[in-house]
Structure formats: C-alpha cells, structure tokens
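Note sheet for the following structure.
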Amino acid sequence: MRRFAYAALIATGALAIAAPIAGATPTGAPSGQTQTDEGKLDPSKAKISVSPGKGEPGAKISVSLYCGAEVNASGIDAPALLLGKAEVVEGTVYMVEAKVRPDARPGKYTVSFKCPGKAVSAAFEVVAPKGKAPQQPKQQVKVKPKGAAQTGGGATAS
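Reading the sequence shown from the start, the letters are residues -24 to -1, 1 to 134 in mature numbering (1 follows the signal peptide of the UniProt record, and there is no 0).
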C-alpha cells in the first residue's frame, strides 16, 4: 500500500512540475495564438510582419500572418514582393517566403491583408543594390568654349 501511495505522489508531483515547463496552455491555444474566454481564437489580435524589414531587389523575405481564423493567405497584397506559397506554421499562423521583385524601385511599400474583422499591414523598404551608385551623365563636349563665338573679323564681308 505504501508503494502505491509513493508512486501516486511522485506521479502527481511530476505532472505538476512538467506542465509549466512544457509550456502547456490550459485553454489549448497553440503558442503565439490567443483565445477569448469562450475558447475561440481572437481575430482582434491579427498581425502581419515582414522580416527583414528592408531588402534590395532579389533579396529573400519572410512574411508571417496571424488572423485568429483560418484564411486563404494567398490574398496578401505586396506590390514590391514576389510571393511564394503560404504554408501553415501552427494553427492559424501562416508563413510565406518571398523575394523582392527585380524591377522594384527603391522606396517604402506596404504589405497588407484583410483578416476577418480587421485589416493588417506592415511596412517594407526596397533599398538600392549595394555597389551601384547612380551614374553621372557624361559631358557632351570635352572643351567648353570661352567668350563670344569666333566667327571671323569681317574683312571679307561686302
């Protein structure tokens, strides 16, 4: 009887310690997601992020999206990016691998998505490629004329 009591005590203690260490959530929400008191996912916590926040044409970029509900993540609007296929990372968290468009001009752009009940957006900046400074136009003539036009002295005029 004592062995059974000790085993039950040890098992209870192990479970009490293991649950917080393992990061278990009592509501059953996957990590990174929040649930309301009713146990439903919370769309008010919707978010989109771009990493890194800037890149030159051709650079690889990651876009992550959380809407608090299952959505079609292929509807992300990103004019400066070539988006790959959206993949579910966990629950309703989506990840999209992208590249900066090769013809994208340097400047600030917006990456956006319309989640149910909330539109989300993030800023992204396209930077000029390194080592390619804008070239100055070449001069049209090598020697610039000085003074008045040299048209002759007028001795042959009639």
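Positions of the beta carbon are idealized from the N, C-alpha and C atoms, including for glycine. A quick note: this is a predicted structure, and the numbers were derived from the prediction, not measured.
- Contact holds between the stretch 65 to 82 and the stretch 32 to 52, because three or more Cβ pairs, one in each stretch, are under 8 Å apart.
- Residue environment analysis places valine 87 among the buried positions, since at least 16 neighbouring C-beta atoms fall within 10 angstroms of its C-beta.
- Scanning Thr127, Lys94 and Gly107 for the CA closest to the CA of alanine 45 turns up Lys94.
- By the C-beta density criterion, glycine 107 is exposed, having fewer than 16 other C-beta atoms within 10 angstroms.
- Residues Lys75, Val76 and Pro78 of the same chain have their beta carbon placed closer than 7 Å to that of glycine 34, with the five preceding and five following residues left out of the count.
- In this structure, the beta-carbon distance from phenylalanine 89 to isoleucine 52 falls below 8 Å.
- Distances from the CA of alanine 56 to each of Ser20, Val96 and Arg81 were compared; the closest alpha carbon is that of Arg81.
- Non-local beta-carbon contacts of lysine 23 in its own chain, meaning distances under 7 Å to residues more than five positions away in sequence, involve Tyr42 and Val96 in chain order.
- A straight line joining the alpha-carbon of proline 19 with that of alanine 104 spans about 37 Å.
- Check the Cα spacing between cysteine 91 and each of Gly29, Glu32, Lys36 and Ser50: the tightest is with Ser50.
- The residue from Gln115, Val119, Ala98 and Gly123 with its alpha-carbon nearest to that of serine 25 is Ala98.
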